[in-house]
Each structure stands twice: as C-alpha cells, then as structure tokens.
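J.:
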Amino acid sequence: MSLSQADILRALELVKLPASGQSLAASGRVADILIDGGKVIFAIGIDATEANAMEPVRKAAESAVGGLPGVTQVLVGLTADKAPPSAGMQARQQAHRPGPGGAPPKPAGVPGVKQIIAVASGKGGVGKSTTAANLAVALSTLGLRVGVLDSDIYGPSMPKIFGITGKPQIVSGRTLAPLEAYGLKVMSIGFLVDEETPMIWRGPMVISAITQMLREVAWGELDVLVVDMPPGTGDAQLTMAQQVPLAGAVIVSTPQDLALLDARRGVAMFRKVAVPILGLVENMSYFVCPECGHRSDIFAHGGARHEAERLGVPFLGEIPLAMPIRETSDGGRPIVASDPQSAHAKAYVALARQVQAALGGAVRAAPRIVIE
Ligand code: ADP
97 MSLSQADILR ALELVKLPAS GQSLAASGRV ADILIDGGKV IFAIGIDATE
147 ANAMEPVRKA AESAVGGLPG VTQVLVGLTA DKAPPSAGMQ ARQQAHRPGP
197 GGAPPKPAGV PGVKQIIAVA SGKGGVGKST TAANLAVALS TLGLRVGVLD
247 SDIYGPSMPK IFGITGKPQI VSGRTLAPLE AYGLKVMSIG FLVDEETPMI
297 WRGPMVISAI TQMLREVAWG ELDVLVVDMP PGTGDAQLTM AQQVPLAGAV
347 IVSTPQDLAL LDARRGVAMF RKVAVPILGL VENMSYFVCP ECGHRSDIFA
397 HGGARHEAER LGVPFLGEIP LAMPIRETSD GGRPIVASDP QSAHAKAYVA
447 LARQVQAALG GAVRAAPRIV IE
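First residue of the sequence shown: 97, per our numbering; consecutive thereafter.
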C-alpha cells in the first residue's frame with residue numbers, strides 16, 4: 097500500500113506543539129510533503145526565533161512518521177519563511193556549545209571524525225566537486241582514513257564522480273551507513289533523493305539536511321572528512337560554515353579574474369565565521385596538449401597564486417585543465433584512483449600533501465597493517 101499525505105498528517109496528529117499543545121497536523125505548519133516510495137520529506141514552518149524550541153518537535157515528527165508502515169526514511173526540515181535576524185544569529189542560536197571567553201561558539205564535533213574540511217568555491221562550475229573528490233582520494237593514498245560529504249544538495253555530484261548508485265542502509269534507528277568507493281566513505285543527498293524528484297529546498301531545510309548527513313551517518317573512524325560545499329557565498333553557505341565544525345577550508349578558483357573575485361568572497365565568508373583558510377587552489381590552471389605536451393596558459397595562469405598572496409592565504413597548487421580529468425570525473429573514476437601514476441593525479445597528491453601540512457600534525461596516518 098502506498099503512503100499518502102493523509103497518512104503523514106494522521107501520524108503528525110500525535111505530535112504536539114510545546115507552546116499551545118496543539119497537534120502539529122492541525123497547526124497548518126506542515127508543508128512541502130514529498131513522498132517518494134518509502135521516503136518522506138517535509139518541512140515544518142517556524143518563526144526564525146523558534147528554531148531551538150521547535151527542534152524537539154522536528155525530531156518527534158520524524159519518529160512519528162518513521163514509525164508508519166512502509167516508511168523507510170524521513171527527512172524533516174524546519175523552515176522559516178522570514179529570514180532570521182541574521183544567518184549568524186540563527187547559527188548562534190543553534191550552536192551546540194558556546195566558545196570560550198565570548199569567542200564565536202563552535203558547533204560540536206562529530207564523534208570518530210578527527211578533522212572536517214570544506215572545499216568551497218565562490219561560484220559554480222570551477223571544478224569544486226572534481227577537486228574535492230580527487231583531493232579526498234589523494235588524502236587516502238597518503239594513508240589517511242577519508243570520508244566525503246556531498247553537501248551540494250542543489251546539485252549533488254558525488255554519486256556521479258564516484259560512480260555510486262546504491263542506497264544507504266539504515267544501521268540503527270535513524271543512522272545511515274555511508275556508501276563506499278575507492279576506499280572512501282561517501283554520503284550524498286543524491287543517494288537519498290532520485291535525480292528526477294524535484295526538490296524545493298529552503299535555507300533552513302538545507303541546514304537540517306546537511307546536519308543530518310553529518311551527524312546521523314555512521315562515518316566510523318575518519319582522519320579527514322572532506323565536505324563538498326554548495327557553490328557560492330550566500331546565507332545558506334555562511335550558516336553551514338558555522339554549523340559544521342570545520343578545521344579549515346580549501347577554496348577552488350579558476351584563473352580568470354571573475355572567478356577570483358568570487359574566490360575573494362569565499363575567503364571573506366570563512367574569515368567572517370573564523371574558519372581557517374587552508375588555502376587557494378587554481379583549477380583549470382594551464383593546458384597541456386595531449387598530442388605534443390606543449391603547455392599553454394590559456395587563462396593567464398597564476399592569478400590564484402597572486403590573489404592568495406594578496407589575501408594573505410596559502411597557495412595550495414595548480415591543477416591543469418585536462419581532458420582525462422574531465423573524462424574520469426564525469427565517468428565515475430576520479431583520476432587519482434583510476435590513473436594514480438599520471439601527472440594529473442600527482443598534482444592532486446601534491447595538493448593533498450599541502451592540505452595535510454596545513455592541517456598541522458593533527459592528521460597523521462595511523463600505522464596500517466597490509467596483508468598481501
Ligand atoms: P563545480 O563543483 O565547481 O560545479 P565540477 O567539479 O562539477 O564543478 O566541474 C565542472 C566540469 O568541469 C565537470 O565536467 C568536470 O569534469 C570538469 N572539470 C573540473 N576540473 C577540471 C580540470 N582540471 N580539467 C578538465 N575538466 C575539469
């Protein structure tokens with residue numbers, strides 16, 4: 097028997113609002129109910145100032161709907177139509193523990209995960225996801241235990257880049273097992289929602305979805321979790337940069353001036369929320385002719401290096417514009433995994449070494465037992 101909106105609302109009659117005692121179903125706050133097989137996604141409308149008070153209601157709604165026969169997954173977001181007083185304010189309200197001495201509060205860490213880094217870009221299409229995926233594989237070739245969280249919920253790329261199509265299994269309660277590819281643990285909203293399913297994400301829902309993917313996934317023990325951020329530097333990204341306990345951010349830019357301007361915004365965004373900038377990467381930096389090996393700096397390469405200097409952030413390296421990078425990335429076989437001896441793969445490994453160094457001694461490979 098397939099689920100209907102009426103079934104969902106019936107389950108939500110049992111969830112009461114703390115202030116009025118009214119049922120959530122009767123409150124008129126439930127919106128955007130989306131049913132896709134056994135998956136149920138909906139939003140609860142709130143006033144931005146109620147975020148904390150309504151979190152238990154969100155949880156109760158998830159368990160009520162999760163208990164319905166036929167429901168395999170539930171994702172409920174709190175959504176405020178009116179913007180909160182400021183993204184920063186909202187994040188402060190939702191932060192898990194205050195920082196010492198009046199410093200901006202830091203969100204709680206994820207148990208078992210030593211370091212979380214963001215890969216971000218000021219705009220889409222600069223190769224952020226390709227860089228995040230290859231950087232993740234490269235970090236694992238350095239002996240680290242690595243996970244990838246695809247938080248680009250508007251355009252999740254990791255299922256395609258890693259060539260993974262499965263669905264995450266529930267390991268216990270609400271906790272999902274990440275999928276695995278090339279020795280990495282990978283989680284993406286793309287695994288939960290079919291590509292064809294139209295999704296209307298609103299700011300706070302984005303944060304809820306990402307927080308769930310971060311905290312309700314059995315990541316196990318990881319040295320580094322690489323978060324592929326949604327492109328851009330809007331409020332959602334800013335709030336996310338605050339909600340995820342980031343050890344640092346890598347900013348990907350192409351050499352063109354316009355992209356660098358966006359990269360500058362990215363740097364400013366992370367600075368605003370006191371996340372250390374691990375550095376800037378120049379992607380599609382130069383072109384090496386596959387026929388003759390001649391190198392052309394088609395976009396006046398080197399812009400990102402100068403920009404990094406100007407901004408006082410480290411420059412992490414250059415990745416060439418190369419057909420094999422595109423083909424492998426679009427074909428589900430990131431080049432660092434599929435052709436580790438290639439010069440392109442080595443460029444990503446060099447980048448990974450820089451990132452590891454920038455993170456300091458915190459991420460060192462644990463001794464591994466290799467059985468041959
Ligand atoms: P973003 O995440 O910034 O939107 P993607 O990683 O999805 O960007 O990359 C956009 C397109 O560019 C993809 O088709 C990808 O394969 C390609 N691409 C990314 N980096 C490179 C590169 N260094 N050389 C060639 N193609 C690349």
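Even glycine gets a Cβ: it sits at the ideal position worked out from N, Cα and C. Every value quoted in this text rests on a predicted model; they were computed, and no experiment measured them.
Looking at the secondary structure, which residues open and close the alpha helix (DSSP H) in which Gly243 lies?
T.: Here the question's residue 243 lines up with position 147 in the sequence shown. Taken as a continuous stretch (DSSP letters only), Gly243 belongs to no alpha helix (DSSP H), being part of the beta strand (DSSP E) at 242-246.
J.: Does the ligand ADP have a heavy atom nearer than 7 Å to the CB of Val346?
T.: Residue mapping note: residue 346 aligns to position 250 of the sequence shown, counting from 1. Answer for Val346: no, Cβ out of range of the ligand ADP.
J.: Kindly give me the distance between the Cβ atoms of Ile212 and Pro341, rounded to whole angstroms, as I take these residues to be in contact under 8 Å.
T.: On the sequence shown, residue 212 is found 116 positions in, with the first residue counted as 1. On the sequence shown, residue 341 is found 245 positions in, with the first residue counted as 1. Sure, about 6 Å apart at Cβ, within 8 Å.
J.: For Lys224, is the classification buried or exposed, using 16 other Cβ atoms within 10 angstroms of its Cβ as the cut-off for buried?
T.: For the purposes of this step, residue 224 is identified with residue 128 of the sequence shown, where counting begins at 1. Burial call: buried.
J.: Can you list, in chain order, the residues of its chain whose CB lies under 7 Å from that of Glu317, leaving out five sequence neighbours each side?
T.: Residue mapping note: residue 317 aligns to position 221 of the sequence shown, counting from 1. If the five residues before and after Glu317 are omitted, its C-beta is found closer than 7 Å to the C-beta atoms of Gly208, Arg241, all from its own chain and listed in chain order.
J.: Do Ile260 and Ala277 count as a contact pair if the criterion is CB distance below 8 Å?
T.: Locating residue 277 in the sequence shown gives position 181, where the first residue counts as 1. Locating residue 260 in the sequence shown gives position 164, where the first residue counts as 1. Closer than 8 Å, so yes.
J.: Can you find the residues in the same chain that come closer than 6 Å, C-beta to C-beta, to Leu105, ignoring five residues on each side of it along the sequence?
T.: Position 9 of the sequence shown holds residue 105. Sequence-distant partners of Leu105 (beyond 5 residues in either direction) whose C-beta falls short of 6 Å from its own C-beta, in its chain, are Ala121.
J.: On a Cα-Cα basis, can you pick out the residue from Leu376, His440, Ile129 that is closest to Pro420?
T.: Along the sequence shown, one-based indexing puts residue 420 at 324. With distances taken between CA atoms, Pro420 lies nearest to His440 out of Leu376, His440, Ile129.
J.: Is it buried or exposed for Pro165, if we count other Cβ within 10 angstroms and need 16 for buried?
T.: Working through the sequence shown from its first residue, we reach residue 165 at position 69. So Pro165 counts as exposed.
J.: Which residue wins for smallest C-alpha separation from Met336, given the options Ala453, Tyr382, Thr307?
T.: Position 240 of the sequence shown, counting from 1, holds the residue named residue 336. Of Ala453, Tyr382, Thr307, the residue nearest in Cα terms is Thr307.
J.: Based on the DSSP output, what are the partners of Phe138 in its beta bridges?
T.: The residue you call residue 138 lines up with position 42 of the sequence shown. Phe138 is bridged to Val172.
J.: As an exercise, report each continuous alpha helix (DSSP H) stretch of at least 4 residues that is fully enclosed by the segment 364-411, in chain order.
T.: 399-407
J.: Cα-Cα, which of Asp324, Ser268, Ala433 is closest to Val313?
T.: If you number the sequence shown from 1, residue 313 lands on position 217. Comparing Cα-Cα distances from Val313 to each of Asp324, Ser268, Ala433, the minimum goes to Ser268.
J.: Should Tyr250 be labelled buried (16 or more other beta-carbon atoms within 10 Å of its own) or exposed?
T.: Taking the first residue of the sequence shown as 1, we reach residue 250 at position 154. Tyr250 should be labelled exposed.
J.: Tell me whether the beta-carbon of Val153 lies closer than 8 Å to the beta-carbon of Val111.
T.: The residue you call residue 153 lines up with position 57 of the sequence shown. The residue you call residue 111 lines up with position 15 of the sequence shown. Yes.
J.: Can you give the Cα-Cα distance for Phe366 and Asp358, rounded to whole angstroms?
T.: Taking the first residue of the sequence shown as position 1, residue 366 is located at position 270. Taking the first residue of the sequence shown as position 1, residue 358 is located at position 262. Looking at the two C-alpha atoms, the distance is approximately 13 Å.
J.: Which one or two residues does DSSP pair with Val209 in a beta bridge?
T.: Position 113 of the sequence shown holds residue 209. Bridge partners of Val209: Leu318.
J.: Quick one: is the Cβ of Pro327 within less than 7 Å of any heavy atom of the ligand ADP?
T.: Here the question's residue 327 lines up with position 231 in the sequence shown. Yes - the ligand ADP has a heavy atom lying nearer than 7 Å to the Cβ of Pro327.
J.: With a threshold of 7 Å (Cβ to nearest heavy atom), would Arg367 be considered close to the ligand ADP?
T.: In the sequence shown, counting from the first residue as 1, residue 367 sits at position 271. Checking the Cβ of Arg367 against the ligand ADP gives no.
J.: Nearest CA to the CA of Gly408: which residue from Arg360, Val369, Asp426, His390?
T.: Translated into the one-based positions of the sequence shown, residue 408 becomes position 312. Ranking Arg360, Val369, Asp426, His390 by Cα distance to Gly408 puts Arg360 first.
J.: Given Lys263, which residues of its chain have a CB within under 7 Å of its CB, disregarding the five upstream and five downstream residues?
T.: Mapped onto the sequence shown, residue 263 falls at position 167. So the list reads Phe287, once near-sequence residues are dropped.
J.: Indicate, with yes or no, if the ligand ADP has a heavy atom lying under 7 Å from the CB of Lys476.
T.: What the structure shows of the chain is the stretch from 97 to 468, and residue 476 is not part of that stretch, so it cannot be assessed.
J.: Where does Ser284 sit, in a helix, a strand or coil, going by DSSP?
T.: Taking the first residue of the sequence shown as position 1, residue 284 is located at position 188. Strand, per DSSP.
J.: Grab the span of the beta strand (DSSP E) containing Ile347 for me, first residue to last.
T.: Residue numbering aside, residue 347 sits at position 251 when the sequence shown is read from its first letter. Taken as a continuous stretch (DSSP letters only), the beta strand (DSSP E) holding Ile347 covers 344-349.
J.: Give me the residue from Ala149, Leu321, Ile137 with the minimum Cα distance to Gly162.
T.: Here the question's residue 162 lines up with position 66 in the sequence shown. It is Ile137.
J.: Beta carbon of Ser236, beta carbon of Asp324: below 8 Å?
T.: Mapped onto the sequence shown, residue 236 falls at position 140. Mapped onto the sequence shown, residue 324 falls at position 228. The Cβ-Cβ distance between Ser236 and Asp324 does not fall below 8 Å.
J.: Ala139 to Gly218, Cα distance in whole Å?
T.: Counting from 1 along the sequence shown, the entry for residue 139 is found at position 43. Counting from 1 along the sequence shown, the entry for residue 218 is found at position 122. When rounded, the distance between both Cα atoms is 28 Å.
J.: Looking at the strands, I want to know which residues DSSP matches up with Ser119.
T.: Taking the sequence shown and counting its residues from 1, the one referred to as residue 119 is at position 23. Ser119 pairs with Lys112.
J.: So, helix, strand or coil for Ser304, using DSSP?
T.: As a first step, residue 304 is located in the sequence shown; it is residue number 208 there, counting from the start. Here Ser304 sits in helix by DSSP.
J.: Since Thr271 sits in a beta bridge, which residues does DSSP pair it with?
T.: As a first step, residue 271 is located in the sequence shown; it is residue number 175 there, counting from the start. Answer by DSSP bridge pairing, in chain order: Ser268.
J.: Which stretch, first to last residue, makes up the alpha helix (DSSP H) that contains Ala127?
T.: By 1-based counting over the sequence shown, the position of residue 127 is 31. Ala127 -> not in any alpha helix (DSSP H); beta strand (DSSP E) instead, spanning 126-132.
J.: Identify whether Val340 lies in helix, strand or coil by the three-state DSSP scheme.
T.: Position 244 of the sequence shown holds residue 340. In this structure, Val340 counts as coil in the three-state DSSP scheme.
J.: Mark Gly399 as exposed unless 16 or more other C-beta atoms lie within 10 angstroms of its C-beta, in which case mark it buried.
T.: One-based indexing of the sequence shown puts residue 399 at position 303. By the neighbour-count rule (16 or more Cβ atoms within 10 Å), Gly399 is buried.
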